[in-house]
Structures are given as structure tokens and as C-alpha cells.
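So the structure is just underneath, and the comments pick up after that.
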Amino acid sequence: MSSKNGSTAETPHESGDDENETGATLSSIHPEVQRTDVSEEDYEPWLFQTMLNELSERELGVGFIYAILELFAERHKLTDVAVVLVNDTFGTQMFRLGGESVTPEMAAHLSASPGVYCEPDNVPSAECDAVRTACQLAMSLHLARFSAAHDPLTNIANRRSFDEALEVAAARSARYGWAFTLVLVDLNNFKAVNDRSGHEYGNHLLRQFGFALRQAVRQGDVAARIGGDEFAVILSNAEGHESSGFTERLRGHLVTLGNPVEFTIGTSTSPRDSTDPGELLRLADGRLYEKKGIRIS
Amino acid sequence: MMSRTEEDFELELRSLPGVLNVGITKHPNGDVDVVTLVANSKDPAATRSAASQIASLYYPEAAVVIEDANRAMADNNRREGPRVALIRADYDTSDGFCEVQLSVDGRTGIGRAGSGPLIGGAEATLAALRDLGYDVPYSLMTVTNVTNGRDWPVIVTLRSLANDADRFGIARSEDDLVSAVKATLDSLNRFLSTLEGRI
Numbered sequence: 001m002s003s004k005n006g007s008t009a010e011t012p013h014e015s016g017d018d019e020n021e022t023g024a025t026l027s028s029i030h031p032e033v034q035r036t037d038v039s040e041e042d043y044e045p046w047l048f049q050t051m052l053n054e055l056s057e058r059e060l061g062v063g064f065i066y067a068i069l070e071l072f073a074e075r076h077k078l079t080d081v082a083v084v085l086v087n088d089t090f091g092t093q094m095f096r097l098g099g100e101s102v103t104p105e106m107a108a109h110l111s112a113s114p115g116v117y118c119e120p121d122n123v124p125s126a127e128c129d130a131v132r133t134a135c136q137l138a139m140s141l142h143l144a145r146f147s148a149a150h151d152p153l154t155n156i157a158n159r160r161s162f163d164e165a166l167e168v169a170a171a172r173s174a175r176y177g178w179a180f181t182l183v184l185v186d187l188n189n190f191k192a193v194n195d196r197s198g199h200e201y202g203n204h205l206l207r208q209f210g211f212a213l214r215q216a217v218r219q220g221d222v223a224a225r226i227g228g229d230e231f232a233v234i235l236s237n238a239e240g241h242e243s244s245g246f247t248e249r250l251r252g253h254l255v256t257l258g259n260p261v262e263f264t265i266g267t268s269t270s271p272r273d274s275t276d277p278g279e280l281l282r283l284a285d286g287r288l289y290e291k292k293g294i295r296i297s
Numbered sequence: 001m002m003s004r005t006e007e008d009f010e011l012e013l014r015s016l017p018g019v020l021n022v023g024i025t026k027h028p029n030g031d032v033d034v035v036t037l038v039a040n041s042k043d044p045a046a047t048r049s050a051a052s053q054i055a056s057l058y059y060p061e062a063a064v065v066i067e068d069a070n071r072a073m074a075d076n077n078r079r080e081g082p083r084v085a086l087i088r089a090d091y092d093t094s095d096g097f098c099e100v101q102l103s104v105d106g107r108t109g110i111g112r113a114g115s116g117p118l119i120g121g122a123e124a125t126l127a128a129l130r131d132l133g134y135d136v137p138y139s140l141m142t143v144t145n146v147t148n149g150r151d152w153p154v155i156v157t158l159r160s161l162a163n164d165a166d167r168f169g170i171a172r173s174e175d176d177l178v179s180a181v182k183a184t185l186d187s188l189n190r191f192l193s194t195l196e197g198r199i
């Protein structure tokens, strides 16, 4: 027998239809549960339509996975459903209907086999596989998008997304006169710390510093790591003198964390200083080095 | 619909080493009450600390609970008995018969069946298991050689004789015969380990 994707099949007994090939039951998860890893039919119109709808509203991500599980449960009148994804990048990940948590025992059984687990177990396996593939795609895209915009060590914005944010802030400032302050932060003698205590400890301090930065900024501000030990912050709706509040908060959080790192800042304000992103960076950089007592040409 | 912030919050938690699942419990007013992480981290204390830090940034009022899956996973592994292993699988092109030899715990069993390397391989595997002393309450329903564009795995479907759920196994090996044998074992291996006491 030949199928549309060129597969061949031998059927020793009467062939079962799709209704016979079902996903595993979530509540009856048992060590013997086995899930197949290949779909014979990847296309599900409802799933495709949902993806298109989602893409028209926003990008695929973790939220899409829950939306799919919700629709899938409604469609098949499921009381519970979970999807187990496995990937080299994000390892094993489990999602359950409504953002419910799985128990450790359930996690132990589910982690053995990726797939979709339904309650009751009445869904064709091809549709389960299609759901899993869509969820896998959403998770991968979300992770890729997050990784492209964030610094992996500190989880704050990276240089690229900071540059984009600065462009947007400067353009708005030029057009509407909205003020913002750019703060460049440089850690003092960080190279010496790295040399003396090792890179692992240095990374630990950087992670803590990134965390303290995230605590110190307000909603709407942008904190970024723009170099090895260089950070930048865009303080929205803030004139230059308002950066002192941010600096105090940052110092306070570092003290709470027991982080001994000291830092120097340089600031520039838009539109007062300039509305050109490059110029704002140059001015803040110059002021930072001035404070450090370093003359730059 | 989840907000972008909620999505990134969950992704950050899921990016922590060993985190398998994130559950979020909300208050009726929409505030996040409890964040539950299930993790099999090597360093649960570090995971707890990092998760608490992340949660404090997004939802300072939320309680963070870490459920350790390590013990459950260890228990799960302990429950599994010895696995059945393939010793050899031969296909005789002159009569179309397959012969499969399996072993478990030092014992061996041999099974023979006709109908080519796919059906023959799966049927001979079931026969070899019965030769080993297993009561296998399943019959072969389908053996499928699938191409998915990357490789050529074989999928075996077994129908329960006791009205239980069907079982599926998948394997990809050097040829159809060995793939069919391994797919049959894949569908039954953990099931067989639970029957050890009955032999």
C-alpha cells in the first residue's frame, strides 16, 4: 500500500483507521506508554488557520502553545491535555492545558516520550503529531527571538536591540519632544577582578549586575549589556538630573545582592543634548570617561 | 491571551537548567499568585534562587515553588526491569522466513515467521518473546515503513487482545528487518519489564 508521502505499509490484519491510532491518556500515564515519533499527516486545517490568525496578531510563542492546547481541548472535548517537547536547544519542556503544573511523577513519565497526551484518549495520532509540531515550532521561534534580542549571560537586552530601542527613542524625541536620558555604565576595574578571581566569578558578578539593573529600571525603560563590562540604560521621560535616582536604586540593589562591583556612569539627554543616537552615545561616553579621569581624543 | 511580558517570563523560567514545566496560578483579579516549577536540575538550590530572582522582577508578590522531579525520575528508572535485547535477525530470501533471536537476563528465545522482512520481522519478534516465556497479550496490526524526508523508520502497531490501548513502536536501523524487530521491541520493552515477575 502506498501513501501520499511515498511510504509503504504491510497490513497483516485488518487495517485500522485513524480512530484506532490515538494519543496516550494523561491520567493513566504508565511506564509502558509509548508515543510514535513520526506523523503520517502533518496538515490540520484548523491548526493552520489558528497559526495564521495568531501570526496576524503577534509572533508565535509560549502563548500560542497554550492557545493551541485550549482549542485542541475544545475541539475534542478533552478534560486535560499536555504536550511534551524535546529539542537540543531547549531540552525537555512540558505544557499543560490552562498553564497548569504537572506533578513530578507525571513529569518523570512524560519526559520519556515526547508527544501529546490527552484525556480522554480519543484523538487521532496524526492530529496529535501536528499539534506537537506546531508547538515545537512556536517554542523554537520564541526562543530564537528571545536569544536574538537578549544577552545570554544577563538576560537583559543585547547591543543590537539596544541600538534599535535608542533609534526609536531618539526618533520620538525628535518628533514629539519626548525627553529621555541615555545612561552608559562602566564597571570599574572589572578586568582586574576577572584576572584575580577567574572568569566564572566575573560572570557571576555580571549576572548579578544585570539583575540589579533590571530591578533598578522602571517599566518602559531599557537596560542592555552593550559590551563585556559596559551597560546602557534608556530612562524614558527622564531629564539628565533624574538619572541620580536610577543610580541610587542600582547601588542599593547591588548592596542587597552583596555585589562588590563599583561603576561609573556617563549620561546624555534627548532632545536637550541631541536627537541623534550616535551623538547621544558619543556625549555619554565622553562624560563617562571624563569621570573616570581618562581623556579621549 | 497571554501578554508578551507573561510569555517572556515563562520562557525565562523554562530556560533555566533542568526546568521541565512551569505552572502559573492566578488570583481571580489576574495577579500571579504562585509560580510552580518542576525541575530535574543538578543544583535545585541554584534553580530556586534564579527562579525567585526572575519572578521578583516580573511579579514581586508571587510565591515560587520548585518541585524536584529528580526523585520521581530515579524511581521511574528503578521500576524498569531488564530490557530485552536483539541478538540476531536473519532473513532467508529463498523461503521468505525471518528468524529472530532475543535475550533477556542471560536467557535467549528464538522466533520464526514468514511474510517478508517487515511483517516477518515483527511476527518473529513476538514469537521469540513468547519463546522467552513472556505472555504477550498483543497481536500484530500493522508494520509501516515510512519516509518522512529525512530517514526511513519502521512503525509497528500492536493490537491488545485484552481490549487495552494499542501500542506503537518506532525504530530506524540498517535494514527493514532489524528496524521491524526493534520497533516491535520498542512498543513492548517497558511493558515487558513490568511482567518480569510473571515469568
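Going down the list, the sequences are from chains F and A.
Residue numbers for the first sequence follow our numbering, beginning at 1 and rising by one.
Residue numbers for the second sequence follow our numbering, beginning at 1 and rising by one.
Built from N, CA and C at the ideal position, the CB exists for glycine as well.
Tell me the DSSP secondary structure of alanine 238 of chain F in three-state form.
Here residue 238 of chain F refers to the residue found at position 238 when the first sequence is read from its first residue. It is coil, neither helix nor strand.
Determine which residues of the segment 83 to 112 of chain A have a Cβ less than 9 Å from any Cβ of chain F, and write them out in chain order.
Against chain F - using a Cβ distance shorter than 9 Å - the segment 83 to 112 of chain A contributes no residues.
Taking Cβ positions, are valine 17 of chain A and lysine 42 of chain A nearer each other than 9 Å?
Taking the second sequence and counting its residues from 1, one reaches residue 17 of chain A at position 17. Taking the second sequence and counting its residues from 1, one reaches residue 42 of chain A at position 42. The sequence as given places proline at residue 17 of chain A; valine does not occur at that position. Contact: yes.
Pair every Cβ in the segment 92 to 110 of chain A with every Cβ in the segment 139 to 150 of chain F, then say whether three or more of these pairs are closer than 8 Å.
Counting Cβ pairs under 8 Å, fewer than three are found: no touch.
For aspartate 221 of chain F, is the classification buried or exposed, using 16 other Cβ atoms within 10 angstroms of its Cβ as the cut-off for buried?
For the purposes of this step, residue 221 of chain F is taken as the residue at position 221 of the first sequence. Buried, because 16 or more other Cβ atoms sit within 10 Å of the Cβ of aspartate 221 of chain F.
With 9 Å as the C-beta to C-beta threshold (strictly closer), list the residues of the segment 153 to 175 of chain A near chain F in chain order.
Cβ contacts with chain F come from Pro153, Ile155, Thr157, Arg159, Ala165, Asp166, Arg167, Phe168, Gly169 and Ile170.
Could you round the C-beta distance between leucine 182 of chain F and isoleucine 234 of chain F to whole angstroms and report it? I think they count as a contact, below 8 Å.
Position 182 of the first sequence holds residue 182 of chain F. Position 234 of the first sequence holds residue 234 of chain F. Right, their Cβ atoms sit about 6 Å apart.
Could you check if phenylalanine 64 of chain F is buried or exposed, using at least 16 other CB atoms within 10 Å of its CB as the buried criterion?
Here residue 64 of chain F is taken as the residue at index 64 of the first sequence, counted from 1. When all chains shown are included, phenylalanine 64 of chain F counts as buried.
Looking at the structure shown, is phenylalanine 90 of chain F part of a helix, part of a strand, or coil, going by DSSP?
On the first sequence, position 90 is the one that residue 90 of chain F refers to. In this structure, phenylalanine 90 of chain F counts as coil in the three-state DSSP scheme.
Quick check: what's the CA-CA separation for glycine 98 of chain F versus phenylalanine 72 of chain F?
Looking up residue 98 of chain F in the first sequence gives position 98. Looking up residue 72 of chain F in the first sequence gives position 72. Going by the C-alpha atoms only, they are around 12 Å apart.
Would you kindly check if the distance between the Cβ of valine 146 of chain A and the Cβ of alanine 180 of chain A is under 9 Å?
Sequence index remark: in the second sequence, residue 180 of chain A carries index 180 (1-based). Sequence index remark: in the second sequence, residue 146 of chain A carries index 146 (1-based). No, the pair does not count as a contact, with Cβ atoms beyond the cut-off.
Could you tell me which of F:Gly240, F:Ala238 and F:Ala223 sits nearest to alanine 232 of chain F, measuring between CA atoms?
Sequence index remark: in the first sequence, residue 232 of chain F carries index 232 (1-based). Measuring from the Cα of alanine 232 of chain F, the nearest candidate turns out to be F:Ala223.
Give the interface partners of methionine 94 of chain F over in chain A, defined as CB-CB distance under 7 Å, in chain order.
Looking up residue 94 of chain F in the first sequence gives position 94. Those are Leu20 and Asn21, listed as they occur along chain A.
Can you tell me which of the three DSSP states threonine 142 of chain A falls into?
The residue given as residue 142 of chain A occupies position 142 in the second sequence. Looking at threonine 142 of chain A - three-state DSSP - the assignment turns out to be strand.
If you draw a straight line from the alpha carbon of phenylalanine 263 of chain F to that of aspartate 276 of chain F, how long is it in whole angstroms?
Taking the first sequence and counting its residues from 1, one reaches residue 263 of chain F at position 263. Taking the first sequence and counting its residues from 1, one reaches residue 276 of chain F at position 276. Going by the C-alpha atoms only, they are around 26 Å apart.
Can you tell me whether lysine 182 of chain A is buried or exposed? The criterion is at least 16 other CB atoms within 10 Å of its CB, across all chains shown.
Against the second sequence, residue 182 of chain A aligns to sequence position 182. With 16 or more other Cβ atoms within 10 Å, it is buried.
Listing by chain order, which chain A residues have their CB less than 7 Å from the CB of asparagine 155 of chain F?
Residue numbering aside, residue 155 of chain F sits at position 155 when the first sequence is read from its first letter. Simply Glu12.
What does a CB cutoff of less than 6 Å around glutamate 10 of chain F pick up in its chain, not counting 5 residues either side in sequence?
Here residue 10 of chain F corresponds to residue number 10 of the first sequence, with the count starting at 1. Legend: pLDDT at glutamate 10 of chain F = 41, less than 50; position of this residue unreliable, value from coordinates given subsequently. Hits under 6 Å: none found.
Under 9 Å, Cβ to Cβ, is there at least one residue of chain F near serine 3 of chain A?
Indexing the second sequence from 1 puts residue 3 of chain A at position 3. Yes, its Cβ sits closer than 9 Å to a Cβ of chain F.
Just checking, does the segment 6 to 24 of chain A make contact with the segment 280 to 290 of chain F on the three C-beta pairs under 8 Å criterion?
The segment 6 to 24 of chain A, when compared against the segment 280 to 290 of chain F, does not touch it at the 8 Å Cβ threshold.
Could you check what DSSP says for arginine 58 of chain F in three-state terms: helix, strand or coil?
Here the question's residue 58 of chain F lines up with position 58 in the first sequence. In the structure shown, arginine 58 of chain F sits in coil (DSSP, three-state: anything other than H, G, I, E or B).
Which of the residues in the segment 128 to 158 of chain F, read from start to end, lie with their CB under 8 Å from any CB of chain A?
So the close ones are His142, Leu143, Phe146 and Asn155.
Between the segment 29 to 42 of chain A and chain F, which residues of the former have CB atoms less than 7 Å from a CB of the latter, in chain order?
Answer set for the segment 29 to 42 of chain A: Thr36 and Val38.
Against chain F, with Cβ distances strictly below 9 Å, would aspartate 135 of chain A count as a contact?
As a position in the second sequence, residue 135 of chain A is number 135, starting the count at 1. Taking Cβ atoms only, chain F never reaches closer than 9 Å to aspartate 135 of chain A, which makes this a no.
Suppose you measure from the CA of valine 261 of chain F to the CA of leucine 37 of chain A; what does that come to, to the nearest Å?
Walking along the first sequence from the start, residue 261 of chain F turns up at place 261. Walking along the second sequence from the start, residue 37 of chain A turns up at place 37. Their backbone Cα atoms lie some 31 Å apart in a straight line.
Please tell me whether glutamate 301 of chain F has its Cβ less than 9 Å away from any Cβ of chain A.
The structure shown does not extend to residue 301 of chain F, since chain F is modelled only from 1 through 297, so no value can be given for it.
Could you tell me which residues DSSP pairs with threonine 264 of chain F in its beta bridges?
Along the first sequence, one-based indexing puts residue 264 of chain F at 264. Looking at the DSSP assignment, threonine 264 of chain F forms a beta bridge with F:Asp186.
Restricting to Cα atoms, I'd like to know which of F:Ser101, F:Ser125 and F:Thr256 is closest to valine 64 of chain A.
Residue numbering aside, residue 64 of chain A sits at position 64 when the second sequence is read from its first letter. When only C-alpha atoms are compared, the closest one is F:Ser101.
Could you have a look at alanine 124 of chain A and say whether DSSP puts it in helix, strand or coil?
Numbered from 1 along the second sequence, position 124 holds the residue referred to as residue 124 of chain A. In this structure, alanine 124 of chain A counts as helix in the three-state DSSP scheme.
Measuring CA to CA, which of A:Leu177, A:Asn163 and A:Val143 is closest to threonine 157 of chain A?
Position 157 of the second sequence holds residue 157 of chain A. Minimum Cα distance to threonine 157 of chain A is reached at A:Val143.
When DSSP labels each residue in this structure, what does glycine 111 of chain A get in the three-state scheme?
As a working note, residue 111 of chain A is residue 111 in the second sequence. Of the three classes helix, strand and coil, the one that applies to glycine 111 of chain A here is strand, per DSSP.
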